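FYI, in the numbering used here the residues of the sequence shown are 1 to 363.
Glycine is no exception: its CB is placed at the ideal position from the N, C-alpha and C atoms.
In this text the structure is predicted, and so the values were computed from the model without any measurement.
Note sheet for the following structure.
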Amino acid sequence: MMLLGATTLLAQQRAKNVILFLGDAGGIPTLNAASIHGYKEPRALYLQHMPHIALSETSSTSSWVTDSAAGMTAIVTGQKTDNGVISQAPPAGPAKEDGANLKTILEYAEEHGLSTGVISNMNMADATPAACYAHVSSRKNIGDIFAQIWKPRFGDGVDLVIGNGRKKILESTKEIGVDMEKELLASGRAFYDSVAAVPDDARRVVALFDDDDFDVDAATAKAIRILSKNRKGFFLMVEWDLHPSKPARALDTVVKFDHLIQRTAKQMDKNSLVLFTADHSFDFRLKSGKKGADIALPSAPNVVKKADQPEEKSDVVIGTAHTGEEVLVAAQGPGSERVTGVLSNTDLFGIMLSAYGWSAGKR
Ligand SMILES: [Zn+2]
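Set out below in structure tokens:
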């Protein structure tokens, strides 16, 4: 009877579903400023109160400061690679040859018969979503990246793709001689041009459009409805861009993203691991400001201001580049107790894999 009890406990601790929320460039300084901007106080974001919190360092094999390609590769494959490389091992590089393909957490989920999805308000063939489903030596090869959607290495490939970049992806696949719409239909995927057009009873879907302001909330809710139909479970990655090229908009987006994470975490049953992290931080510094007042934000990153522009009063100094300090990891659900201390970005892969109850096998 002891054995039965232990087995039941073990089963309960496994995650049926994993949802990875990725705030691209959403470093800790940006999260802190978003809390103050949105709520006039620090620590007001839901993700700052999730039960398990850690720091994650984000370097790539070559650099202390990563780009999104190497950053996301580390998170979804558990191995660091060179900047610019999508889920391939060294010596792969944008100006070099291919490296060995690194098996992603999405591919593990496909191999185990789960449903899988990726959502992004950036180009769906851009580095972060691409690292989940594709393997290329250069993130610039948009056509080659997207064409891997219907040539999966495991299972039947990513089931649900919703995001930006329609025009660019159609052009890029055409450039390499591929009829994307034909290939998608042949692979059993319906192709739509908006979130609203995707029916709730859809099974395998690609929805692409060109709209930075598309409703990520609605897309996530729809994705969960569709992916939840698989009784074995699902893996879903939701990326929202937090680069502060428009500072107020970036902080407002953090608050919206945080609401989405809170709603999703409450809605998902106890057998789902919900994770938030960033692929890297950004040069965003709160330098002044009085408590009780909103922080004064520049209209654009300070360093791109033209010399003849009047001096703007701003409490925040924003550069133009990623930075190398640690980012936040926040988590709840089965497996989230391993989110603690100062982690490597590669540790997140193992945390997700073991939450499902799997171990790393042949790649
Ligand atoms: Zn990034």
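If you ignore the 5 residues before and after Lys313, its C-beta comes within less than 8 angstroms of the C-beta of Ala296, all in its own chain and listed in chain order. Beta-bridge partners of Asn101 (DSSP): Gln88.
With 16 or more other Cβ atoms inside 10 Å of its own Cβ, Ile119 counts as buried.
Just so you know, the alpha carbons of Asp241 and Gln13 end up roughly 32 angstroms apart. In the three-state reduction of the DSSP assignment, Phe154 falls in the coil class. Asp179 and Val303 have their alpha carbons spaced roughly 43 angstroms apart. The alpha-carbon separation between Leu328 and Ala74 amounts to approximately 15 angstroms.
Between the alpha carbons of Thr66 and Thr323 lies a gap of roughly 8 angstroms. Of the residues assessed, Gly361 falls on the exposed side of the cut-off, its CB having fewer than 16 other CB atoms within 10 angstroms.
Runs of the alpha helix (DSSP H) spanning 4 or more residues and lying entirely within the stretch 241-272 occur at 247-267, in chain order. Around the beta-carbon of Glu239, 16 or more other beta-carbon atoms lie within 10 Å, marking it buried.
Contact between Lys222 and Asp200 holds, with the beta-carbon distance rounding to 7 angstroms and staying under 8 angstroms. In the DSSP assignment, Gly71 falls within the alpha helix (DSSP H) that extends over Ser68 to Thr77. Per the coordinates, the alpha-carbon of Lys232 lies some 32 angstroms from the alpha-carbon of Ala25. For Ala218 and Leu22, the gap between their C-alpha atoms comes out near 17 angstroms.
Counting along the chain, His135 sits inside no alpha helix (DSSP H), nor does DSSP assign it H or E at all.
Pairwise C-beta distances place the stretch 78-97 out of contact with the stretch 201-212, as fewer than three of them are shorter than 8 angstroms. Leu55 and Met352 have their C-alpha atoms roughly 16 angstroms apart.
In this structure, ligand 1 has a non-hydrogen atom nearer than 7 angstroms to the beta-carbon of Thr128.
In this structure, the straight-line span from the alpha carbon of Thr264 to that of Leu236 is close to 12 angstroms. When Leu160, Asp159, Ala69 and Leu184 are compared, the shortest CA-CA separation from Leu170 is found for Leu184. Burial state of Glu110 is buried, judged by a 10 Å Cβ sphere holding 16 or more other Cβ atoms. Between Ala202 and Glu181, the alpha-carbon positions lie close to 17 angstroms from each other.
Leu227 is positioned such that its CB atom lies closer than 8 angstroms to that of Asp159. By the neighbour-count criterion, in which 16 or more other beta carbons inside 10 Å mark a residue as buried, Pro51 falls on the exposed side. Beta-bridge annotation (DSSP): Thr323 is paired with Ser281.
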